[in-house]
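**Student:** The opening residue of the first sequence carries number -18 in this note's numbering; numbering runs sequentially from there. Supplied in structure tokens, the structure appears directly below.
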Amino acid sequence: MKAGVVSIIKGAIEGAREAGAITGGNMPEIVLDKPKKEEFGDFSTNAAMLLAPLEKKAPREIAKAISERISQSPYVEKCEVAGPGFINIFLKKTFWLAVLEDIIKTGEGYGRSGLGKGHKVQVEFVSANPTGPLHVGHGRGAAVGDALSNILKFAGFEVSKEYYINDAGRQVLTLGESVRLRMEELSGKAIEFPQDFYKGEYIKDIAADYIEKYGSADAPGAPRLKDFGSSAMLERIKSDLREFGIEFDSWFSERSLDDTGMVAATIDELKQKGHVFESEGALWFRTTAFGDDKDRVLIKADGERTYFASDIAYHRNKIERGFSSIVNIWGADHHGYENRIRALIKALGYDDSVLKIIFIQLVALLRGGVPVAMGKREGEFVTLRQVMDEVGKDACRFFFLMRRSDAQLDFDLDLAKSQAPENPVYYVQYCHARIKSIIAFAAEKGSALPTAFDAALLSRLDQKEEAELIRHLGSFGEVVERSAEAMEPHRVTFYLMDLAALFHPYYNKNRVVTDDPELTSARLLLCNAVATVAANGLRLLGVSAPEKM
RNA sequence: GCGCCUGUAGCUCAGUGGAUAGAGCAUCGGCCUCCGAAGCCGAGGGUCGGAGGUUCGAAUCCUCUCAGGCGCGCCA
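Structure below.
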């Protein structure tokens, strides 16, 4: 659609040049806007204003020459010059009906694009340590990562979703020790919990489980506590994610990096390339040579590798798997690590633009307008499961996607639960359910939803609101593309709220099912197209599109 | 001190360098004998944190500055 208009404009500029109205050989990049006001047309371009300084002519003069030629296109109703030199293009209605034709024909594939050209993208997200349950912050990352993956796929990328499991190192050992202590407690011993141990109730569950299965940690054949504990936690995480509607393509174990020698191999490669040095008994990676603000330790003086060492091995492995783009979704408190990972990529001789890091800002839960206490020190995180149980999966995911990732999010639990129009998730879902209900009502009255596109029938749609709706439906594909390019899933959320905000007033003002069978059919088709696009958008977000609610 | 993110209506936020800066919530006033009122209509509300600069044009780009959040371990 947009491409067609761009070529019309390019043709008009060429025509103006041949006629001598434009003398230079420059072709500006054609930028098409969807104007905010309908009096500015269906599309608007600033091409003449970009040409003006090159041509040394008044922008309006150039715009006039171009606009006259655009008007001659058979698809164009009229074309006007406005303001400082905008060219406003009004398309013929038949051009817009092609949008409905496209929706009817492609259905749940409407909005799909080939932008990604099948390029392989890896999205790594959540990756919470298997030492405790997922909290709401992880939930936001999960919602963003999953929606982004859906959007990238829809835009033509080949996406692989991965979860990196931190199953090596001290944290897992501490988890094992925490379980051991709880087991002792269960056997009647008085215990004292060290400060850095995991104290949550879930540790008791794991301890009780262990005792039930093996009796004690010394029993023959009993697994190590850290292994038992971390795999129990991981199972719990997996089931939370499944309930949240998220399936990963792969689960990558940190421990496997040690077992297969990848950490050692990565350090060797850095050594060979001369980026490693020894100092004070430790082995360092000279990340400052690649833009980091200080050098980083790979192997500590006590001989143990750092977390960073496994992290660089992991990123080396990701790159060597041949993704054209790797995306990390991290909590905003990790932004300090970005430069050292980029340093690694550069040190290995790759272009670090393959890496995109999306930082997820904090979530503040509100109840009754005041923040829910989330004492970090006590480890009293509100879990994802608690929120999901309280407000439901759909509201939960939708709310996580209502803001840009790098903006803090106030999550109003009361609002998310409320069945009132001010709740945005219901506002959008209601739009879908309402349409399905109208279609059912029409069928009862003997007006079935037409199954095929019919231009003559659809030309009965002559209301201003109908044109606006169709125009918005027609921009869905671009929203998906821009959302994929910018890696900003919230754009789809806003698109859907706008769509619903166009539909509801239309519905209130115009009757769909009337005595006029043609008009009824035409409006049913339009309504169904709205429902189709709403469902497609909601599906990208991982939110259901209910038929009834 | 250095680095990253954020400052837009009372609140929460949208806004690929374009036209008179937009939503939602909250406030106030209306709309169901009629397709789903989980909806609609109307009203008020702004020095886009501030100051310079680039540009025909800046909320958007650059510099400085103020305010808030986060990060700056041989922790994970």
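Glycine residues also receive a C-beta, built at the ideal position from the N, C-alpha and C atoms.
Is it true that the CB of Pro16 sits closer than 8 angstroms to the CB of Leu32?
**Tutor:** Taking the first residue of the first sequence as position 1, residue 32 is located at position 51. Taking the first residue of the first sequence as position 1, residue 16 is located at position 35. Contact flag unset, no.
**Student:** Let me make sure I understand the geometry here. Which of His256, Ser260, Gly262 has the alpha-carbon closest to that of Thr268?
**Tutor:** Here residue 268 is taken as the residue at index 287 of the first sequence, counted from 1. For the residues His256, Ser260, Gly262, the minimum Cα distance to Thr268 belongs to His256.
**Student:** If Leu450 and Leu396 are in contact, beta carbons under 8 angstroms, what's the gap, nearest whole angstrom?
**Tutor:** On the first sequence, residue 450 is found 469 positions in, with the first residue counted as 1. On the first sequence, residue 396 is found 415 positions in, with the first residue counted as 1. No, Leu450 and Leu396 are not in contact; Cβ-Cβ is about 27 angstroms, not under 8 angstroms.
**Student:** Taking only the alpha-carbon atoms, compute the straight-line gap between Asp249 and Val107 and give it to the nearest angstrom.
**Tutor:** On the first sequence, residue 249 is found 268 positions in, with the first residue counted as 1. On the first sequence, residue 107 is found 126 positions in, with the first residue counted as 1. Approximately 30 angstroms, taken between the alpha carbons.
**Student:** Considering Cα atoms alone, identify which of Val524, Ala465, Ser502 is closest to Gly97.
**Tutor:** Looking up residue 97 in the first sequence gives position 116. Comparing Cα positions, the closest option is Ala465.
**Student:** Closest to Phe209 by C-alpha separation, out of Ala200, Asp190, Ser220, Arg223, would be which residue?
**Tutor:** Taking the first sequence and counting its residues from 1, one reaches residue 209 at position 228. Cα-wise, what sits closest to Phe209 is Asp190.
**Student:** Taking contact to mean 3 or more Cβ pairs, one atom from each stretch, closer than 8 angstroms, check whether the segment 126 to 138 and the segment 190 to 201 are in contact.
**Tutor:** Result no; under three Cβ-Cβ pairs closer than 8 angstroms.
**Student:** Taking its Cβ as the centre, do 16 or more other Cβ atoms sit within 10 Å of Val80, making it buried, or is it exposed?
**Tutor:** Here residue 80 corresponds to residue number 99 of the first sequence, with the count starting at 1. Result: buried.
**Student:** What does the Cβ neighbour count give for Gly120, buried or exposed, with the cut at 16 atoms within 10 Å?
**Tutor:** As a first step, residue 120 must be located in the first sequence, where it is residue number 139. The residue is buried, with at least 16 neighbouring Cβ atoms inside 10 Å.
**Student:** Taking the continuous beta strand (DSSP E) assigned at Leu382, which residues delimit it?
**Tutor:** Indexing the first sequence from 1 puts residue 382 at position 401. No beta strand (DSSP E) holds Leu382; DSSP gives it neither H nor E.
**Student:** Consult DSSP for His116 and reduce its assignment to one of helix, strand or coil.
**Tutor:** Sequence index remark: in the first sequence, residue 116 carries index 135 (1-based). The answer is strand: DSSP assigns His116 an E or B state.
**Student:** Once the 5 residues before and after Leu215 are set aside, which same chain residues still bring their CB inside 6 angstroms of it?
**Tutor:** Counted from its first residue, the first sequence places residue 215 at position 234. Counting only Cβ-Cβ distances below 6 angstroms, and skipping sequence neighbours, we find Pro111.
**Student:** For Ala345, report the span of its alpha helix (DSSP H) as first-last.
**Tutor:** Along the first sequence, one-based indexing puts residue 345 at 364. Taken as a continuous stretch (DSSP letters only), Ala345 belongs to no alpha helix (DSSP H), being part of the beta strand (DSSP E) at 344 to 348.
**Student:** For the 8 angstroms Cβ check, are there 3 or more pairs between the segment 84 to 96 and the segment 511 to 529?
**Tutor:** Flag = yes, the segment 84 to 96 and the segment 511 to 529 touch.
**Student:** Do you know offhand how far Ile339's Cα is from Asn131's?
**Tutor:** Taking the first sequence and counting its residues from 1, one reaches residue 339 at position 358. Taking the first sequence and counting its residues from 1, one reaches residue 131 at position 150. Those two C-alpha atoms are separated by around 16 angstroms.
**Student:** With distances taken from CA atoms, which of Tyr295, Gln342, Phe174 is nearest Met243?
**Tutor:** By one-based count along the first sequence, residue 243 stands at place 262. Measuring from the Cα of Met243, the nearest candidate turns out to be Tyr295.
**Student:** Would you check if the segment 63 to 82 and the segment 484 to 491 touch, i.e. whether three or more CB-CB distances between them fall below 8 angstroms?
**Tutor:** The segment 484 to 491 is not in contact with the segment 63 to 82.
**Student:** With H, G and I counted as helix, E and B as strand and the rest as coil, what does DSSP make of Arg358?
**Tutor:** In the first sequence, residue 358 corresponds to position 377, counting from 1. The predicted model places Arg358 with a pLDDT of 37, which falls under 50 and marks its position as unreliable; any figure quoted below should be read in that light. Reduced to three states, the DSSP call for Arg358 is coil.
**Student:** In the structure shown, what three-state DSSP assignment does Lys275 receive?
**Tutor:** Within the first sequence, numbered from 1, the residue matching residue 275 stands at position 294. If DSSP states are grouped into helix, strand and coil, Lys275 belongs with coil.
**Student:** Just list the residues that DSSP pairs Tyr144 with in beta bridges.
**Tutor:** Counted from its first residue, the first sequence places residue 144 at position 163. According to DSSP, Tyr144 bridges with Trp232.
**Student:** Is the segment 141 to 149 close to the segment 172 to 192, with three or more CB pairs under 8 angstroms?
**Tutor:** Result no; under three Cβ-Cβ pairs closer than 8 angstroms.
**Student:** Can you give me the Cβ contacts of Ala516 inside the same chain, cut-off strictly under 8 angstroms, excluding the 5 residues immediately before and after it?
**Tutor:** Indexing the first sequence from 1 puts residue 516 at position 535. Glu89, His413, Ala526, listed in sequence order.
**Student:** Let me know if Trp232 comes out buried or exposed under the rule of 16 or more other beta-carbons within 10 Å of its beta-carbon.
**Tutor:** Indexing the first sequence from 1 puts residue 232 at position 251. Per the 10 Å Cβ criterion, exposed.
**Student:** For the segment 388 to 403 against the segment 416 to 425, do three or more pairs of beta-carbon atoms, one drawn from each stretch, fall closer than 8 angstroms, so that the two count as touching?
**Tutor:** The segment 388 to 403 is not in contact with the segment 416 to 425.
**Student:** What separation, rounded to the nearest whole angstrom, lies between the Cα atoms of Gln367 and Phe225?
**Tutor:** Stepping through the first sequence from its first residue, residue 367 is reached at position 386. Stepping through the first sequence from its first residue, residue 225 is reached at position 244. Approximately 12 angstroms between the Cα atoms of the pair.
**Student:** Compute the Euclidean distance between the alpha carbons of Glu359 and Asn309, then round it to the nearest angstrom.
**Tutor:** Residue numbering aside, residue 359 sits at position 378 when the first sequence is read from its first letter. Residue numbering aside, residue 309 sits at position 328 when the first sequence is read from its first letter. Bear in mind that a pLDDT of 38 at Glu359, under 50, signals an unreliable position, so the number given afterwards is only what the model happens to contain. Near 28 angstroms, if we compare the C-alpha coordinates of Asn309 and Glu359.
**Student:** Residues in its own chain within less than 6 angstroms of Leu347 by CB, not counting five upstream and five downstream?
**Tutor:** For the purposes of this step, residue 347 is identified with residue 366 of the first sequence, where counting begins at 1. Asp391, Asp393.
**Student:** Looking only at its own chain, which residues have a Cβ that is under 6 angstroms from the Cβ of Arg321, when we skip the five neighbours before and after it?
**Tutor:** Locating residue 321 in the first sequence gives position 340, where the first residue counts as 1. Excluding residues within five positions, the ones whose Cβ falls inside 6 angstroms are Thr268, Asp273, Arg277.
**Student:** Where are the beta strand (DSSP E) runs, 3 residues long or more, that stay fully inside the segment 10 to 70, in chain order?
**Tutor:** The segment 10 to 70 contains these whole beta strand (DSSP E) runs: 24 to 26, 57 to 63.
**Student:** What number of angstroms, rounded off, separates the C-alpha of Gly356 from the C-alpha of Phe178?
**Tutor:** Within the first sequence, residue 356 is the residue found at index 375, counting from 1. Within the first sequence, residue 178 is the residue found at index 197, counting from 1. Residue placement at Gly356 cannot be trusted, given a pLDDT of 49 that sits under 50; what the coordinates show is reported in the next sentence. Taking the straight line from one Cα to the other gives about 16 angstroms.
**Student:** Using three-state DSSP, classify Asp387 as helix, strand or coil.
**Tutor:** Residue 387 sits at position 406 when you count from the first residue of the first sequence. In this structure, Asp387 counts as coil in the three-state DSSP scheme.
**Student:** Since Val335 contacts Ile300 with CB under 8 angstroms, what's their CB separation in whole angstroms?
**Tutor:** On the first sequence, position 354 is the one that residue 335 refers to. On the first sequence, position 319 is the one that residue 300 refers to. Yes, Val335 and Ile300 are in contact; Cβ-Cβ is about 7 angstroms, under 8 angstroms.
**Student:** What does Ser306 pair with, by DSSP beta-bridge criteria?
**Tutor:** By one-based count along the first sequence, residue 306 stands at place 325. Bridge partners of Ser306: Val102.
**Student:** Within this structure, are the beta carbons of Pro114 and Tyr183 separated by less than 8 angstroms?
**Tutor:** On the first sequence, position 133 is the one that residue 114 refers to. On the first sequence, position 202 is the one that residue 183 refers to. In this structure, Tyr183 lies closer than 8 angstroms to Pro114 by Cβ.
**Student:** By the three-class DSSP mapping on this structure, what secondary structure does Gly5 have?
**Tutor:** Numbered from 1 along the first sequence, position 24 holds the residue referred to as residue 5. Correct three-state label for Gly5: coil.
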